[in-house]
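Participant:
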Amino acid sequence: MTVPSEHLLILAGILFAVGAAGFFLRRNVIVVLMCIELMLNAANLSFLAASRMHTLKAGALGPALEGPIFAIFVIVIAAVEAAVGLALVIALYRNRQSVNLEDVSDLKD
Amino acid sequence: MANALFYLMALLSVASALGVVLAKNPIQCVLSLLGSFFCLATIYLLAGFQFIAAAQILVYGGAIMVLFLFVIMLLNLGDPGTADKTDARMFSRPNVAAVVVVAALLLGVAVYAVKLSPVVHAAQELPERGIDTVHGLAGEMFGRYLLPFEAVSLLLLATAIAVVVLAKRERSPKRGAKS
Chain A
6 MTVPSEHLLI LAGILFAVGA AGFFLRRNVI VVLMCIELML NAANLSFLAA SRMHTLKAGA
66 LGPALEGPIF AIFVIVIAAV EAAVGLALVI ALYRNRQSVN LEDVSDLKD
Chain B
108 MANALFYLMA LLSVASALGV VLAKNPIQCV LSLLGSFFCL ATIYLLAGFQ FIAAAQILVY
168 GGAIMVLFLF VIMLLNLGDP GTADKTDARM FSRPNVAAVV VVAALLLGVA VYAVKLSPVV
228 HAAQELPERG IDTVHGLAGE MFGRYLLPFE AVSLLLLATA IAVVVLAKRE RSPKRGAKS
């Protein structure tokens, strides 16, 4: 593939913007968690694009492995976040019988 | 050929990301998210990251997807009748306009930053075995990044305990569990 790495970065920006839009628009907790996963995926893609850029540039000594290493850490964090978030959703549903964020505004007033 | 595949997959991943945001039914959201993950895995593979692509499919496509589907089925949110009503209100015109403006600004800043940064021309071929060989990754992960690795293992242990504590039904007779 000879696509410039900048296009990967732009794709990451688009995906992050879509995820952020969903994060602000949706009121279903589960869908909000999915949008967080989308944003984390975009962050991963930008890490990997930077790694590719530095591996392919002139005079690079070897593969730039910082990008993939941090991408692995991000994947682990995403899994942890999904597990804790969904456990919170179950606890919330048990107490309120709802997964709508509008019903959980006790701290608002 | 590979370039065309990249642009096709980029288009598909953005389309399925939009599906996550716009679909009414949570099940459709999960399936769109799965499509987005697979498209991204293909992009990683094309960019020369075999290990990350495999991890993406195993962890995101396997574990996280099953978690989401499990919770949706458990809470019985898949019925069209129980689709959240207020989401329709959330897609009112001022909200959508504000979010679109903010997202466009964010994207514009990102594209401008990319365009402003010095262009790094690809001067070399991709390494034959890809960028993230397991050999290289292991050398880094268990060398320079050993401390973060151990911290992540502690984090996973803490998460396992926290999830059990959070999701456990309270059965203490003193508190008089209601249901």
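Residue numbers (this note's numbering), protein chains in the order written: chain A, 6 to 114; chain B, 108 to 286. Glycine included, every Cβ here is placed at the ideal spot set by N, Cα and C. Please read these numbers as outputs of a predicted model, since none were measured by experiment.
Using a C-beta cutoff of 9 Å, does Ala204 (chain B) count as contacting chain A?
Facilitator: Taking Cβ atoms only, chain A never reaches closer than 9 Å to Ala204 (chain B), which makes this a no.
Participant: In the DSSP assignment, find the unbroken alpha helix (DSSP H) run with Ile164 (chain B) in it and report its ends.
Facilitator: Neither: Ile164 (chain B) is in no alpha helix (DSSP H) and is coded neither H nor E.
Participant: Indicate whether at least one CB of chain B lies closer than 9 Å to the CB of Lys113 (chain A).
Facilitator: No, its Cβ sits nowhere closer than 9 Å to a Cβ of chain B.
Participant: Using 8 Å as the cut-off, can you tell me whether the stretch 35-55 of chain A makes contact with the stretch 119-131 of chain B, which would need three or more C-beta pairs spanning the two stretches below that distance?
Facilitator: Yes, the stretch 35-55 of chain A is in contact with the stretch 119-131 of chain B.
Participant: Enumerate in chain order the residues of its own chain whose CB-to-CB distance from Tyr167 (chain B) is below 6 Å, with the five nearest sequence positions on each side excluded.
Facilitator: Phe144, listed in sequence order.
Participant: Give me the Cβ distance between Ile15 (chain A) and Val121 (chain B), rounded to the nearest whole Å; I'm assuming they're in contact under 8 Å.
Facilitator: With 8 Å as the limit, Ile15 (chain A) and Val121 (chain B) do not qualify as a contact, their Cβ atoms being about 11 Å apart.
Participant: Can you find a C-beta in chain A that's less than 9 Å from the C-beta of Gly283 (chain B)?
Facilitator: Below a pLDDT of 50, predicted positions are generally treated as unreliable, and Gly283 (chain B), at 48, falls in that range; the measurement from the model is reported next regardless. No, no contact with chain A.
Participant: Compare the C-alpha of Ala65 (chain A) against each of B:Ala265, B:Phe256, B:Gly243, B:Gln231 and name the closest.
Facilitator: Considering only alpha carbons, the answer is B:Gln231.
Participant: Using a beta-carbon distance cut-off of less than 7 Å, what residues from the stretch 240-260 of chain B approach chain A?
Facilitator: Within the stretch 240-260 of chain B, the qualifying residues are Gly243, Leu244, Glu247, Met248, Tyr252, Pro255, Val259.
Participant: So which residues on chain B does Val79 (chain A) lean against when the C-beta distance must stay under 8 Å?
Facilitator: Those do not exist, as Val79 (chain A) stays about 10 Å from chain B at its closest Cβ, beyond 8 Å.
Participant: Any beta-carbon of chain B closer than 9 Å to the one on Val36 (chain A)?
Facilitator: It does: the Cβ of Val36 (chain A) has a partner Cβ on chain B nearer than 9 Å.
Participant: So which residues on chain A does Gln231 (chain B) lean against when the C-beta distance must stay under 8 Å?
Facilitator: In chain order: Thr60, Leu61, Lys62, Ala63, Ala65.
Participant: Closer than 9 Å, CB to CB, is Arg101 (chain A) near chain B or not?
Facilitator: Chain B, which has no Cβ nearer than 9 Å to the Cβ of Arg101 (chain A), makes this no.
Participant: Just to make sure I have the definition right: I need the residues of chain A whose C-beta is within less than 8 Å of the C-beta of Ile171 (chain B). Which are they?
Facilitator: Correct list: Glu42, Ala83, Ala84, Ala87.
Participant: Please name the residue, chosen from A:His12, A:Val8, A:Val23, that lies closest to Ser51 (chain A) on a Cα-to-Cα basis.
Facilitator: The option with the nearest alpha carbon to Ser51 (chain A) is A:His12.
Participant: Confirm, please, whether the CB-CB distance from Ala84 (chain A) to Gly72 (chain A) is below 9 Å.
Facilitator: Going by C-beta atoms, Gly72 (chain A) is not nearer than 9 Å to Ala84 (chain A).
Participant: Which residues, taken in chain order from the stretch 139-155 of chain B, show a beta carbon closer than 9 Å to some beta carbon of chain A?
Facilitator: For the stretch 139-155 of chain B, which is checked against every Cβ of chain A, the residues closer than 9 Å are Ser139, Leu140, Ser143, Phe144, Leu147, Ile150, Tyr151, Leu153, Ala154, Gly155.
Participant: Kindly indicate which residue of A:Ala17, A:Arg31, A:Lys62 has the alpha-carbon position closest to the one of Pro234 (chain B).
Facilitator: Pro234 (chain B) has its Cα closest to that of A:Lys62, out of A:Ala17, A:Arg31, A:Lys62.
Participant: DSSP has Asn105 (chain A) in a bridge; who is on the other side?
Facilitator: DSSP, once it has assigned bridges, lists A:Asn33 as partnering Asn105 (chain A).
Participant: Could you tell me the distance, in whole angstroms, from the CA atom of Val272 (chain B) to the CA atom of Thr266 (chain B)?
Facilitator: In a straight line, the C-alpha of Val272 (chain B) is about 10 Å away from that of Thr266 (chain B).
Participant: Is the stretch 203-218 of chain B touching the stretch 22-30 of chain A in the sense that three or more CB pairs, one from each, lie closer than 8 Å?
Facilitator: Contact holds: three or more Cβ-Cβ distances are below 8 Å.
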